[in-house]
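Following: one structure in structure tokens, then a few remarks.
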Amino acid sequence: GERWLGLALVLLALGLIAWEGQRGGTWQGYTLFLMGGFMWAAFTVGTRFYGLRPLTNVCLITVVPIVWYGPLVLVFDPTMIPAAPWQATVLQLVYQGVLAGVLAPIMYTRAIRTIGPQRSALVMVLVPVLATLQAWALLDEVPGWLTLIGIVLVLPGLALAGGAIRRR
Numbered sequence: 028g029e030r031w032l033g034l035a036l037v038l039l040a041l042g043l044i045a046w047e048g049q050r051g052g053t054w055q056g057y058t059l060f061l062m063g064g065f066m067w068a069a070f071t072v073g074t075r076f077y078g079l080r081p082l083t084n085v086c087l088i089t090v091v092p093i094v095w096y097g098p099l100v101l102v103f104d105p106t107m108i109p110a111a112p113w114q115a116t117v118l119q120l121v122y123q124g125v126l127a128g129v130l131a132p133i134m135y136t137r138a139i140r141t142i143g144p145q146r147s148a149l150v151m152v153l154v155p156v157l158a159t160l161q162a163w164a165l166l167d168e169v170p171g172w173l174t175l176i177g178i179v180l181v182l183p184g185l186a187l188a189g190g191a192i193r194r195r
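And the structure:
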């Protein structure tokens, strides 16, 4: 009942946001996001299935890729690292290293353990909404009407799909 209605609202909301964002070449971006979504789904379910702890996930997300990606950068693009201003490097280290690389996986893993993989994954629907609102506030990228309607619809959709709103 309510969960299916919520999922329908979420799909409609995301569809409106995606529809308005259509431009030449955007299908490649949507394909990459879909592939990323499958990877996050596998990470979410795998975390619960294997009972991984937050710091284990941080290690899997940050240390393992450095072993693979670090040498590739040094071999194929070594000039770009020293070319960046030190302020940009520090900002990236703080944001990518500490916030996105350490804190985000810890919080996400704790969410999976606390509310389960289904609800944790459902909250990820807020990513396009939050990105749109941040782009509006920080980059002055004004969303169109379809996107705004999608943003309004996604919140009750999440509440219904997540079981926060039920018939009594």
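Our numbering numbers the first residue of the sequence shown as 28 and each following residue consecutively.
Each residue gets a CB set at the ideal place from its N, CA and C atoms; glycine is no exception.
By the CB criterion at 8 Å, L36 and P183 fall inside the cutoff. In the structure shown, M151 adopts coil according to DSSP, grouped into three states. Straight across, the Cα-Cα distance linking L180 with W113 is about 42 Å.
In this structure, the beta-carbon distance from I133 to V85 falls below 8 Å. As for any alpha helix (DSSP H) of minimum length 4 sitting wholly inside the stretch 55-87, the runs are 81-85, ordered along the chain. Taken through DSSP and simplified to helix, strand or coil, E168 comes out as coil. Counting every other CB atom within 10 Å of its CB across the protein chains shown gives T116 a total below 16, marking it as exposed. Burial check for I139: the Cβ neighbour count within 10 Å reaches 16 or more, so the residue is buried. Per DSSP, reduced to three states, the secondary structure at P183 is helical.
DSSP places G33 within a helical segment (H, G or I) once states are collapsed to three.
Judged by DSSP in its simplified three-state form, A158 adopts helix. Membership of T141 in the alpha helix (DSSP H) is indicated by the continuous run A131 to I142. Comparing alpha carbon positions, the residue from P98, E47, V156 and V90 closest to V125 is V90.
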